[in-house]
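For the sequence shown, UniProt numbering assigns the number 1 to the initial residue and increments by one for each residue that follows. Virtual Cβ for every residue (Gly too), placed ideally from N, Cα, C. For reference, the structure is listed below as structure tokens.
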Amino acid sequence: MSAPAFDADSTLGALLIGTLVSYALFGVMTTQVYVYYGRFQDPWKMKAMVGAVWCGELAHTICIAISLYTMVITNYGHPERLLVLPNSLLASTFIGSLVSFGVQVFFAIRIYSLSKSWWIPCICWALSLFRLVPPNVILFAYGHRPAHEFLGKFGPLFDAIWAASAANDLLIAGTLVYLLYRRRSSVFEKTVAAIDKLIQWTIETGVVTSIASIIMLVSFISLPSTFVWLAFFVVIPRLFSNSLMASLNSRAALRAANEPRLPSSTPAAHISTLPRPMNSISIEMNKVTMTAYDD
């Protein structure tokens, strides 16, 4: 595979756009982490996982910033140097794949907690490992060579990896939607609305990461001599981390929707005289919400 002709718009321009979008999503993710730590009293393991994801995203952000500076400023006037990916970009690839792997494993565990079956979670974990291990082994072994050489040699493998990642996201989202929909028949009417909202969020977050992976795959196949695929590549880890935080933080909105609302004219002194069945409904609804979100 010969070296491609240099085109700043489709190489550095695409990477610049992807980096800016990635920065914006990192800001959104940081805000969600701040809200999470201030609102929830989860077990330390859950908080440690959130902290690890944020630290990974911070490291990923720093690495792609160094990569962009190296490719745009340090290598200015030497387009032939763009053929070899900077070490910082290879490091960001490893960190981003770790973040994506952790989020997919988290949602696979959620599937087990809802279904009490290991079959689908094990499939999800296998697909996640397939996305994590082979690309990083290839980049570690061949990353010092021109990108068009090892990407051309292992192109079909990368195609399969990214297709498997998109399929994994769809499998996770589809399974969670099915399990949540199955619970609608065994809960109170008000809880059904909360579950429907949860189903909607699950579809939205799962579809976003899947579409991004598919677009990256299509650009990699159809535009191999550009960095269009790389623009999506630096954004995808941010989509995973934001989907994780949206899932955790959405518990507050769902719980608020499930709590009984008193008329504004009801005096506080008479709250204890309200009918007792309201309490039992609140307990049942909280139980359903905890099963869907908490460890």
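Between the Cα of residue i and those of the options, spot the shortest distance and give me the residue it belongs to.
i: GLN200; options: TYR181, VAL218, ILE215; result: TYR181
i: SER117; options: LEU83, SER165, THR175; result: THR175
i: ARG145; options: PHE94, THR93, LYS197, ARG81; result: ARG81
i: PHE154; options: ALA193, PRO224, THR19, ARG39; result: PRO224
i: GLY56; options: VAL21, GLY18, HIS78, GLY96; result: GLY96
i: PHE94; options: TYR23, VAL177, VAL234; result: VAL234
i: VAL177; options: LEU151, ALA48, PHE107, TYR69; result: PHE107
i: CYS122; options: PRO134, ARG183, LEU171; result: LEU171
i: SER250; options: SER219, LYS197, LEU239; result: LYS197
i: GLY27; options: LEU68, TRP54, ALA252, GLU149; result: TRP54
i: ARG131; options: LEU151, VAL192, TRP162, ALA65; result: TRP162
i: ALA252; options: PHE150, VAL192, TYR36, ALA24; result: TYR36
i: ILE221; options: THR30, ALA48, GLY152; result: GLY152
i: MET245; options: ALA212, THR226, THR202; result: THR202
i: ALA173; options: PRO135, VAL133, SER247; result: SER247
i: PRO237; options: MET46, VAL192, SER115, PHE101; result: PHE101
i: SER115; options: VAL133, PHE150, ARG183, PRO79; result: ARG183
i: ALA164; options: MET29, GLN41, LEU58, PRO135; result: PRO135
i: TYR23; options: ALA52, GLY51, LEU58; result: LEU58
Hey, quick one: how far does the alpha helix (DSSP H) through residue i stretch, first residue to last?
i: TRP125; result: 119–142
i: ALA65; result: 44–69
i: ASN87; result: 87–115
i: SER10; result: Taken as a continuous stretch (DSSP letters only), SER10 belongs to no alpha helix (DSSP H), as it is neither H nor E.
i: PHE150; result: 147–153
Could you tell me if residue i is buried or exposed, where buried requires 16 or more neighbouring beta carbons within 10 angstroms of its beta carbon?
i: GLN32; result: buried
i: ILE73; result: exposed
i: ASP169; result: buried
i: LEU20; result: exposed
i: THR289; result: Note on THR289: pLDDT 39, under 50, position unreliable in the model; no value is reported.
i: HIS60; result: buried
i: VAL137; result: exposed
i: PHE140; result: exposed
i: VAL228; result: buried
i: CYS63; result: buried
i: ARG110; result: buried
i: VAL99; result: buried
i: PRO43; result: exposed
i: ASP9; result: exposed
i: LEU157; result: exposed
i: TYR34; result: exposed
i: ALA194; result: buried
i: ARG39; result: exposed
i: LEU12; result: buried
i: ILE271; result: Note on ILE271: pLDDT 36, under 50, position unreliable in the model; no value is reported.
i: ALA212; result: buried
i: VAL133; result: exposed
i: TYR91; result: At residue 91 the sequence reads Ala, which differs from the Tyr that was named. When all chains shown are included, ALA91 counts as buried.
i: ALA147; result: buried
Leaving out five residues on either side along the sequence, give the residues of the same chain with a beta carbon under 7 Å from the beta carbon of residue i.
i: VAL105; result: TRP125, SER128
i: ALA231; result: ALA14, LEU15, ILE17, GLY18
i: ILE214; result: ALA166
i: PHE240; result: VAL99, SER100, VAL103, THR209
i: VAL192; result: ARG184
Counting only the same chain and skipping the five closest in sequence on each side, list residues whose C-beta sits under 8 Å from that of residue i.
i: SER243; result: VAL103, THR205, GLY206, VAL208, THR209
i: ASN75; result: ARG81, LEU82
i: ASP159; result: LEU217, PHE220, ILE221
i: GLY143; result: LEU85, ASN87, LEU90, PHE150
i: LEU179; result: ILE111, LEU114, SER115
Just to confirm my understanding: we take residue i, look at its own chain, exclude 5 residues before and 5 after, and list those with CB closer than 6 Å. What are they?
i: ILE120; result: ILE111, THR175
i: THR70; result: PRO86
i: SER88; result: CYS63, ILE66, SER67
i: ASP7; result: none
i: MET49; result: none
i: THR30; result: none
Unbroken alpha helix (DSSP H) runs of length 4 or more, entirely within the UniProt domain "DUF6534" (165–252): which are they?
189–222
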